[in-house]
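As structure tokens, the structure follows; a few thoughts come after it.
Number of protein chains: 2
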Amino acid sequence: MISKNQIKHIQSLHSKKNREEEGLFIIEGIKLVTEFINHQKFVIKEVFATFDFIDNHKSGLISNAISFTEITTEELKKISHLTSPNQVLAVVKSTEQKLDITLLNTSNSLFLDDIRDPGNLGTIIRIADWFGIKQVICSPNSTELYNPKTLQASMGAVLRVNVITMSFEELLAKTKKLPIYGAVLEGENIYTTSLKHGLLVIGNEANGISNEVLKHISHRITIPAANSNGSESLNAANACAIICSEFHRQLTY
Amino acid sequence: MISKNQIKHIQSLHSKKNREEEGLFIIEGIKLVTEFINHQKFVIKEVFATFDFIDNHKSGLISNAISFTEITTEELKKISHLTSPNQVLAVVKSTEQKLDITLLNTSNSLFLDDIRDPGNLGTIIRIADWFGIKQVICSPNSTELYNPKTLQASMGAVLRVNVITMSFEELLAKTKKLPIYGAVLEGENIYTTSLKHGLLVIGNEANGISNEVLKHISHRITIPAANSNGSESLNAANACAIICSEFHRQLTY
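So the protein sequences, as listed, match chains A and B. With the working numbering applied, the first sequence corresponds to residues 17 to 269, in that order. With the working numbering applied, the second sequence corresponds to residues 17 to 269, in that order.
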């Protein structure tokens with residue numbers, strides 16, 4: 017049983033402003049919530065679930081001391097942002113994630129310069145996770161990590177990848193001289209240039225990398241198109257996938 | 017000036033059923049509509065646009081004998097499916113696109129086995145265009161090419177890539193022995209296996225390649241993850257981007 021006030025409170029977390037003010041966000045669905053319960057990177061404030069979910073996950077909820085409330089499918093519909101809610105919704109405390117400078121200097125990291133689409137941010141985190149990239153740094157004007165669409169698209173990768181919000185200037189001040197790769201439309205062919213560990217910058221969906229960041233790029237790299245009269249660009253997440261893949265190939269195989 | 021009946025008719029094309037019955041679809045926005053006007057792959061039935069668009073594109077509309085109607089921003093809002101409509105909407109005749117068997121046998125093609133997300137289909141067409149792949153064959157249960165989200169995500173690549181709906185069985189019957197690559201979770205490492213021209217199969221977002229198609233795959237290929245305890249998979253469009261990129265690299269550089 018969920019109270020009217022609780023319903024109102026959870027619905028209020030559908031808005032970014034309230035998520036930020038309260039330091040809370042919501043996640044949904046059996047798979048994502050179960051991963052959050054088991055992984056313990058984030059503190060779960062409360063789980064609202066139908067009988068089936070609670071029946072199957074009671075021991076995990078109890079052993080992790082997570083408070084939970086059984087609700088009906090109708091009640092779940094009221095608090096969910098999904099068209100087809102799936103058994104469970106959890107309210108989670110957001111955590112400020114810290115930059116690991118050693119990791120920054122010894123492995124690949126991503127800097128997202130104003131990625132605006134939550135789906136793109138989520139799949140980019142999933143790509144990072146796939147290729148063993150542990151840190152994704154977002155410019156302050158990028159879309160929000162705790163947007164439900166970002167979390168859904170990341171498919172749990174947010175549990176294994178740290179996502180840090182920081183301006184490029186601030187990031188630069190924290191690192192020693194590191195190769196800074198920027199994905200641009202006219203740069204070195206990624207397949208034939210020799211890629212090293214470094215920081216990879218992905219620009220905004222419509223405008224690419226901003227001028228303030230571009231001037232610090234030490235290596236401009238490009239995914240060469242098959243011919244010059246095709247599409248003008250690739251979707252930002254797809255471009256990121258290809259470049260991370262090529263880094264992985266060159267550094268591993 | 018647009019009539020109430022015209023408004024109703026265009027609104028009816030927001031549904032797949034009506035698009036299919038009428039053989040019509042809609043596209044929106046200055047860039048996409050302009051590309052459709054210039055490219056002439058599809059027949060434009062009518063353009064509805066505000067004064068600014070018509071003022072800037074009158075000669076192109078007249079020289080291509082495209083009928084157009086000036087409407088107000090308010091009227092555009094009524095017929096648009098976008099939150100922020102952008103000057104113009106066009107009603108276009110859908111065209112059955114034919115498989116080119118020579119092209120199938122001499123270059124890379126994609127087969128999409130039940131891709132359900134219109135955004136994924138659209139960006140996959142854009143990826144194909146980037147890497148010079150001229151044919152994308154969709155299984156009959158895949159999402160619809162003429163869904164506005166597919167068209168928007170393809171960013172005009174539908175003008176340069178033929179998208180054909182055909183079952184895998186039917187496709188097999190039309191081709192001579194061709195390498196058939198399938199993207200699976202446990203297959204040959206794409207970076208170290210030698211890739212040739214062939215047909216590349218991308219599976220459904222949740223379930224991968226269906227069993228009926230899987231049995232015809234001659235080469236199971238995989239994007240190797242950096243470690244075994246990360247994300248279980250990549251988004252279908254991102255996986256497609258990486259694999260097309262690796263084909264392009266191996267076959268070109």
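Beta carbons are placed, not taken as given, at the ideal position from N, Cα and C, and that holds for glycine.
Residue range of the unbroken beta strand (DSSP E) whose run includes residue i
{"i": "L287 (chain A)", "result": "Examination of residue 287 (chain A) is not possible in this model, given that chain A is present from 17 through 269 alone."}
{"i": "A106 (chain A)", "result": "104-109"}
{"i": "S125 (chain A)", "result": "125-128"}
{"i": "T85 (chain B)", "result": "84-86"}
DSSP-derived helix/strand/coil call for residue i
{"i": "H232 (chain B)", "result": "coil"}
{"i": "T191 (chain A)", "result": "coil"}
{"i": "G224 (chain A)", "result": "strand"}
{"i": "E185 (chain B)", "result": "helix"}
{"i": "G172 (chain B)", "result": "coil"}
{"i": "G203 (chain A)", "result": "strand"}
{"i": "G246 (chain A)", "result": "coil"}
{"i": "E51 (chain B)", "result": "helix"}
{"i": "I131 (chain A)", "result": "coil"}
{"i": "K165 (chain A)", "result": "helix"}
{"i": "L29 (chain B)", "result": "coil"}
{"i": "L98 (chain B)", "result": "coil"}
{"i": "I70 (chain A)", "result": "helix"}
{"i": "I78 (chain A)", "result": "helix"}
{"i": "N157 (chain A)", "result": "coil"}
{"i": "Q22 (chain B)", "result": "helix"}
For residue i, the residue or residues it bridges with in DSSP
{"i": "Y197 (chain A)", "result": "A:L216, A:H235"}
{"i": "Q151 (chain A)", "result": "A:N178"}
{"i": "I43 (chain B)", "result": "B:A106"}
Endpoints, the alpha helix (DSSP H) within which residue i is located
{"i": "Q113 (chain B)", "result": "Taken as a continuous stretch (DSSP letters only), Q113 (chain B) belongs to no alpha helix (DSSP H), as it is neither H nor E."}
{"i": "K61 (chain B)", "result": "It is not in any alpha helix (DSSP H) - K61 (chain B) instead sits in the beta strand (DSSP E) that spans 60-65."}
{"i": "T89 (chain B)", "result": "89-95"}
{"i": "T209 (chain A)", "result": "Careful: T209 (chain A) lies outside any alpha helix (DSSP H) and carries neither H nor E."}
{"i": "K33 (chain A)", "result": "32-38"}
{"i": "P134 (chain A)", "result": "134-146"}
{"i": "S261 (chain B)", "result": "252-268"}
Buried versus exposed call for residue i [16 or more other C-beta atoms within 10 Å across all chains shown]
{"i": "I117 (chain A)", "result": "exposed"}
{"i": "M171 (chain B)", "result": "buried"}
{"i": "Y269 (chain B)", "result": "exposed"}
{"i": "L201 (chain B)", "result": "exposed"}
{"i": "T99 (chain A)", "result": "exposed"}
{"i": "V217 (chain B)", "result": "buried"}
{"i": "T139 (chain B)", "result": "buried"}
{"i": "I78 (chain A)", "result": "exposed"}
{"i": "T122 (chain A)", "result": "exposed"}
{"i": "V104 (chain A)", "result": "buried"}
{"i": "T111 (chain A)", "result": "exposed"}
{"i": "H73 (chain A)", "result": "buried"}
{"i": "Q56 (chain A)", "result": "exposed"}
{"i": "V59 (chain B)", "result": "exposed"}
{"i": "G76 (chain B)", "result": "exposed"}
{"i": "S158 (chain B)", "result": "buried"}
{"i": "F127 (chain B)", "result": "buried"}
{"i": "E91 (chain A)", "result": "buried"}
{"i": "S125 (chain A)", "result": "buried"}
* For the stretch 222-255 of chain A, which residues have a beta carbon sitting closer than 9 Å to at least one beta carbon of chain B? -> Residues of the stretch 222-255 of chain A whose Cβ lies closer than 9 Å to any Cβ of chain B, in chain order: I239, P240, A241, A242, N243, N245, G246, S247, E248, S249, L250, N251, A253, N254, A255.
* Closer than 7 Å, Cβ to Cβ, to anything on chain B: give me those residues from the stretch 137-148 of chain A, in chain order. => Result list: T139, R142, I143, D145, W146, F147, G148.
* Closer than 7 Å, Cβ to Cβ, to anything on chain B: give me those residues from the stretch 205-218 of chain A, in chain order. => The residues in question are Y207, T208.
* Of all the residues that make up the stretch 186-200 of chain A, which are near chain B by a beta-carbon distance shorter than 8 Å? -> None of the residues of the stretch 186-200 of chain A has a beta carbon lying less than 8 Å from any beta carbon of chain B.
* the stretch 157-181 of chain B: which residues have C-beta closer than 8 Å to a C-beta of chain A, in chain order? -> Listed by position along the chain: A169, M171, G172, A173, R176.
* the stretch 20-47 of chain B: positions lying closer than 8 Å to chain A by Cβ -> Answer in chain order: no residues at all.
* Using Cβ-Cβ distances below 9 Å, what residues of the stretch 103-120 of chain B are close to chain A? -> Those residues of the stretch 103-120 of chain B that come within reach of chain A (Cβ to Cβ, closer than 9 Å) do not exist; the list is empty.
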